[in-house]
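Student:
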Amino acid sequence: MIGELAKSTYIAWKDFKEYYLKPGSLSWGIIFPFVFALAFMTRRGGLTEWLAPGMISLALFFGSTSMSAMSIVFERRIGSFERLLLFPVGYNTISLGKSLSSFVMGIIASIPVLLLTIIILPQPPVHTLLLLATIIIATFTSSTFGVLISFLVKDPTQVMTVFNIIRFTMMFLSDIIIPVTAMPSYAIPISLALPLTYMTEALRYAYTGTYDILPPGISITISLITGILFLVAAGEVIKKSKP
Amino acid sequence: MKTALPPTSGDCVITVRDLTKKYGDLLAVDHVSFCIRRNEIFGFLGPNGAGKTTTVRMLVGLTNITSGEAKIDGLDVIRDYKRVRSIIGVVPDISNLYSELTSLQNLLFSAAMYGVPKKERLSRAESLLKFFGLWEKRNQKFKNLSKGQKRRLTIAAALTHNPRILFLDEPTSGLDVMSRRIVWRRIKELNRSGVTIFLTTHNVYEAFHISDRIGIINKGRIVALGTPGELERKFGAREVVEAAFQPHNPGIEELSRHIQGALDIKLQGDRFKIVASNPMQVIESLVQYARQRGLELSSLNLRGADAEELFLQIIGGLQ
Numbered sequence: 000m001i002g003e004l005a006k007s008t009y010i011a012w013k014d015f016k017e018y019y020l021k022p023g024s025l026s027w028g029i030i031f032p033f034v035f036a037l038a039f040m041t042r043r044g045g046l047t048e049w050l051a052p053g054m055i056s057l058a059l060f061f062g063s064t065s066m067s068a069m070s071i072v073f074e075r076r077i078g079s080f081e082r083l084l085l086f087p088v089g090y091n092t093i094s095l096g097k098s099l100s101s102f103v104m105g106i107i108a109s110i111p112v113l114l115l116t117i118i119i120l121p122q123p124p125v126h127t128l129l130l131l132a133t134i135i136i137a138t139f140t141s142s143t144f145g146v147l148i149s150f151l152v153k154d155p156t157q158v159m160t161v162f163n164i165i166r167f168t169m170m171f172l173s174d175i176i177i178p179v180t181a182m183p184s185y186a187i188p189i190s191l192a193l194p195l196t197y198m199t200e201a202l203r204y205a206y207t208g209t210y211d212i213l214p215p216g217i218s219i220t221i222s223l224i225t226g227i228l229f230l231v232a233a234g235e236v237i238k239k240s241k242p
Numbered sequence: 000m001k002t003a004l005p006p007t008s009g010d011c012v013i014t015v016r017d018l019t020k021k022y023g024d025l026l027a028v029d030h031v032s033f034c035i036r037r038n039e040i041f042g043f044l045g046p047n048g049a050g051k052t053t054t055v056r057m058l059v060g061l062t063n064i065t066s067g068e069a070k071i072d073g074l075d076v077i078r079d080y081k082r083v084r085s086i087i088g089v090v091p092d093i094s095n096l097y098s099e100l101t102s103l104q105n106l107l108f109s110a111a112m113y114g115v116p117k118k119e120r121l122s123r124a125e126s127l128l129k130f131f132g133l134w135e136k137r138n139q140k141f142k143n144l145s146k147g148q149k150r151r152l153t154i155a156a157a158l159t160h161n162p163r164i165l166f167l168d169e170p171t172s173g174l175d176v177m178s179r180r181i182v183w184r185r186i187k188e189l190n191r192s193g194v195t196i197f198l199t200t201h202n203v204y205e206a207f208h209i210s211d212r213i214g215i216i217n218k219g220r221i222v223a224l225g226t227p228g229e230l231e232r233k234f235g236a237r238e239v240v241e242a243a244f245q246p247h248n249p250g251i252e253e254l255s256r257h258i259q260g261a262l263d264i265k266l267q268g269d270r271f272k273i274v275a276s277n278p279m280q281v282i283e284s285l286v287q288y289a290r291q292r293g294l295e296l297s298s299l300n301l302r303g304a305d306a307e308e309l310f311l312q313i314i315g316g317l318q
């Protein structure tokens, strides 16, 4: 067990060294969410306490999924992903390793946006420790989600397109820009089916002390459970991907 | 149709029985059976698309087996996949280590993933860098190495855990003569140190040059199995006549119409290379043809078939 966990960290270390400076990771993972948050500062009404958690959620989601997309797509395309399958490791170990590198990238992506919101907004976060814990759980779930999607898409060259469709859809349906309570009735079930909605809800409670649809305990639990399910599912997809 | 498993010596480190792979209706590997003895270099030879890579991928667990079984050191390659992977090293046909990692970092990563104890990783990596002549390149990123250096490092990465069995897929493909000879020398040294080598190649010379035994696969089935000497004795009865005419060579089609007892005629440089089923008949036809056309046979040579011709004969390329 400890040996497998250690091997996951080696995979994460390798991924991070290999891919964190790649243009795809930097542009989609770090620059885009930061510029997006800056853009909200300049609009009418500026960056509000209600919007800030959504911006953090967006940053960690873009950061982590960009890393998983880069590392998995690139390795599947050039054939080096099979190197990992030749080591004496479990499929869930590989899935966890890929998730860990995405996790680190998600955390890095969320830091500038978090600092920006703390500097600009007059009120500091209401529950600082809960905010940090929620960022960690939300980044974990985003990472495993990104890893699962990267393995589910059969053609590696199409992963970025699929990711962007998912990411931009989630941006508008996951309580980030538009409150779930303000959505048309047909959009609410879709919003509730998206993991990012619960991450944003939990972050919003930690930041403002209020929530739109669910108490933070439930949102965090849902986030964590879906994160673990994505991780195990990704391991199964890797196993079944053998021709 | 089943292939009989050759008699085992009781020391088979790889045992393959009726191994079959189907992709939909396509039968890629058709009931293949063979045994590889401990500490031998086994050359697995076949033309492109013959089923070599699919067979190896099934053995190392990268491709699912449709039917049949494969055991490595007594372990089932499906059920005991983790234990199997800890005793084998696999070098794929492409040099696909991690481009942003240095040579040393690549080897340390590989050692860590194979579960080599932390205090042994560095010394293991350093000795491999020296063994493969890459010590000077230890801090150079993989992407900045030459093709030959990348190939050697990829082989080194498969050896960080001291595997008992090494699978090599086209180890010298695309390398220049010097690099090729370095790789061959290292393979032989590894074998002498006790590593069983499973060498997959379509380079006939390579297989005959360094293998103790050779298995030839064609259209998914094993068509020949034995030592290079055994294969030569069994299939190498045919001989080759080399001839050149003065003042000019005739066209290949023209010559083909007049030469009897020939299986295949090729023009290589300024010489015809004629694979003969009946060499005396070929020579008589050549002499007669030259006389009739007023040409002179400036060169006429009879020799045994070389490895490439032997291979073509075995897979039916000369029929």
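Protein sequences appear in the order of chains X and A. Sequence positions in the first sequence follow numbering that gives the first Met the number 0 and run 0 to 242. Sequence positions in the second sequence follow numbering that gives the first Met the number 0 and run 0 to 318. A virtual CB, placed ideally from N, CA and C, is assigned to each residue, including glycine.
1. If you draw a straight line from the alpha carbon of S149/X to that of F102/X, how long is it in whole angstroms?
2. Straight-line CA distance for R82/A to D75/A?
3. In whole angstroms, what separates the C-alpha of L228/X from that of L151/X?
4. With a threshold of 8 Å, are at least 3 pairs of Cβ atoms found where one atom belongs to the segment 23-32 of chain X and the other to the segment 57-72 of chain X?
5. Could you check if N300/A is buried or exposed, using at least 16 other CB atoms within 10 Å of its CB as the buried criterion?
6. Which residue marks the beginning of the beta strand (DSSP E) containing I164/A, and which one marks its end?
7. Are I196/A and L152/A close, meaning C-beta to C-beta below 8 Å?
8. List, in order along the chain, the chain X residues whose C-beta lies closer than 8 Å to that of K319/A?
9. What is the DSSP secondary structure of H30/A, reduced to helix, strand or coil?
10. Taking only beta-carbon positions, decide if M279/A is within less than 8 Å of chain X.
11. Enumerated in chain order, which unbroken segments of the alpha helix (DSSP H) with a length of 4 residues or greater are wholly contained in the segment 105-135 of chain A?
12. Is there a C-beta anywhere in chain X that falls below 8 Å from the one on I93/A?
13. Starting from R82/X, find everything on chain A with Cβ-Cβ shorter than 7 Å and list it in chain order.
14. Pick helix, strand or coil for R75/X, following the three-state DSSP scheme.
15. Using DSSP's beta-bridge definition, name the partner residues of I161/A.
16. Going by other Cβ atoms of all chains shown within 10 Å of its Cβ, with 16 needed for buried, is K136/A buried or exposed?
17. Starting from L296/A, follow the alpha helix (DSSP H) in both directions and report where the run begins and ends.
18. For L74/A, does the three-state DSSP call read helix, strand or coil?
19. Which residues, in order along the segment 24-42 of chain A, keep a beta-carbon less than 8 Å from a beta-carbon of chain X?
20. Taking the runs of the alpha helix (DSSP H) that are 4 residues or longer, which of them lie wholly in the segment 135-215 of chain X?
21. To which residues of the same chain is S173/X closer than 6 Å at the C-beta, ignoring the five residues directly before and after it?
22. Which stretch, first to last residue, makes up the beta strand (DSSP E) that contains F141/A?
23. Leaving out five residues on either side along the sequence, give the residues of the same chain with a beta carbon under 7 Å from the beta carbon of C11/A.
24. Rounding to the nearest angstrom, what Cα-Cα distance links Q312/A and D79/A in this structure?
25. Among residues of its own chain, excluding the 5 on either side of M279/A, which ones have a beta-carbon nearer than 8 Å to its beta-carbon?
26. Compile a chain-ordered list of the residues in the segment 171-202 of chain A whose CB is closer than 7 Å to at least one CB of chain X.
27. Which residues in chain A have a C-beta closer than 8 Å to the C-beta of Y9/X? List them in chain order.
28. Looking at the strands, I want to know which residues DSSP matches up with L320/A.
29. Please list, in chain order, the residues of the segment 63-85 of chain A that have any C-beta partner in chain X closer than 9 Å.
30. Any contact between the segment 89-96 of chain X and the segment 1-15 of chain X? By contact I mean 3 or more CB pairs, one from each, below 8 Å.
31. Excluding sequence positions up to five away, which residues of its chain have a Cβ less than 6 Å from the Cβ of A201/X?
32. Starting from Y288/A, trace the alpha helix (DSSP H) in both directions and tell me its first and last residue.
33. Label V34/X either buried or exposed according to how many other C-beta atoms from any shown protein chain fall within 10 Å of its C-beta, with 16 as the threshold for buried.
34. Hey, how far is the Cα of S276/A from the Cα of I264/A?
35. Who does S66/A pair with in a DSSP beta bridge?
36. If you compare alpha carbons, which of S172/A, L254/A, K140/A, T200/A is closest to L100/A?
Tutor: On the basis of the supplied data:
1. The residue labelled residue 149/X in the question sits at position 150 within the first sequence. The residue labelled residue 102/X in the question sits at position 103 within the first sequence. Approximately 15 Å, taken between the alpha carbons.
2. Position 83 of the second sequence, counted from the first residue, corresponds to residue 82/A. Position 76 of the second sequence, counted from the first residue, corresponds to residue 75/A. Those two C-alpha atoms are separated by around 9 Å.
3. The sequence position of residue 228/X within the first sequence is 229, counting from 1. The sequence position of residue 151/X within the first sequence is 152, counting from 1. Between L228/X and L151/X, the C-alpha separation is close to 14 Å.
4. yes
5. Counting from 1 along the second sequence, the entry for residue 300/A is found at position 301. Exposed: under 16 other Cβ atoms inside 10 Å.
6. Residue numbering aside, residue 164/A sits at position 165 when the second sequence is read from its first letter. Counting along the chain, the beta strand (DSSP E) containing I164/A begins and ends at 164-168.
7. If you number the second sequence from 1, residue 196/A lands on position 197. If you number the second sequence from 1, residue 152/A lands on position 153. The answer is no: Cβ separation not under 8 Å.
8. Outside the displayed span of chain A (0 to 318) sits residue 319/A, for which this structure offers no information.
9. The residue you call residue 30/A lines up with position 31 of the second sequence. Three-state DSSP puts H30/A in a strand.
10. Indexing the second sequence from 1 puts residue 279/A at position 280. Not closer than 8 Å to any Cβ of chain X, the Cβ of M279/A fails to qualify, so no.
11. 117-130
12. Working through the second sequence from its first residue, we reach residue 93/A at position 94. Yes, I93/A lies at the interface with chain X (some Cβ there is under 8 Å from its Cβ).
13. What you label residue 82/X is simply residue 83 of the first sequence in a count that begins at 1. Simply N95.
14. As a working note, residue 75/X is residue 76 in the first sequence. The answer is helix: DSSP assigns R75/X an H, G or I state.
15. One-based indexing of the second sequence puts residue 161/A at position 162. First, the residue type needs correcting, since residue 161/A is Asn and not Ile in the sequence shown. Beta-bridge pairing links N161/A to no other residue.
16. Along the second sequence, one-based indexing puts residue 136/A at 137. The residue in question, K136/A, is buried, as its Cβ has 16 or more Cβ neighbours within 10 Å.
17. Taking the second sequence and counting its residues from 1, the one referred to as residue 296/A is at position 297. No alpha helix (DSSP H) contains L296/A, which is instead part of the beta strand (DSSP E) from 295-303.
18. For the purposes of this step, residue 74/A is taken as the residue at position 75 of the second sequence. In the structure shown, L74/A sits in a strand (DSSP, three-state: E or B).
19. none
20. 158-172, 187-192, 194-207
21. Numbered from 1 along the first sequence, position 174 holds the residue referred to as residue 173/X. Around S173/X: L193, L195, T196, T199.
22. Taking the second sequence and counting its residues from 1, the one referred to as residue 141/A is at position 142. From DSSP, F141/A is part of no beta strand (DSSP E); its letter is neither H nor E.
23. Reading the second sequence from its first residue, position 12 is the one you call residue 11/A. Hits under 7 Å: C34, I35, R36.
24. For the purposes of this step, residue 312/A is taken as residue 313 along the second sequence, with counting starting at 1. For the purposes of this step, residue 79/A is taken as residue 80 along the second sequence, with counting starting at 1. Cα-Cα distance, rounded: 39 Å.
25. Taking the second sequence and counting its residues from 1, one reaches residue 279/A at position 280. Here the set comprises G260.
26. none
27. On the first sequence, position 10 is the one that residue 9/X refers to. Within 8 Å Cβ-Cβ: F108, A111, M112.
28. Chain A is shown only over 0 to 318; residue 320/A falls outside these bounds and no answer can be derived.
29. N63, Y80, K81, R82, V83, R84, S85
30. yes
31. Working through the first sequence from its first residue, we reach residue 201/X at position 202. Within the same chain, A201/X has close Cβ partners T133, P215, S218, I219.
32. As a position in the second sequence, residue 288/A is number 289, starting the count at 1. Segment 278-292, the alpha helix (DSSP H) holding Y288/A.
33. In the first sequence, residue 34/X corresponds to position 35, counting from 1. By the neighbour-count rule (16 or more Cβ atoms within 10 Å), V34/X is not buried but exposed.
34. Counting from 1 along the second sequence, the entry for residue 276/A is found at position 277. Counting from 1 along the second sequence, the entry for residue 264/A is found at position 265. C-alpha separation (whole angstroms): 12 Å.
35. Your numbering for residue 66/A matches position 67 in the second sequence. Per DSSP, T19/A.
36. Numbered from 1 along the second sequence, position 101 holds the residue referred to as residue 100/A. Among S172/A, L254/A, K140/A, T200/A, the Cα nearest to that of L100/A is on K140/A.
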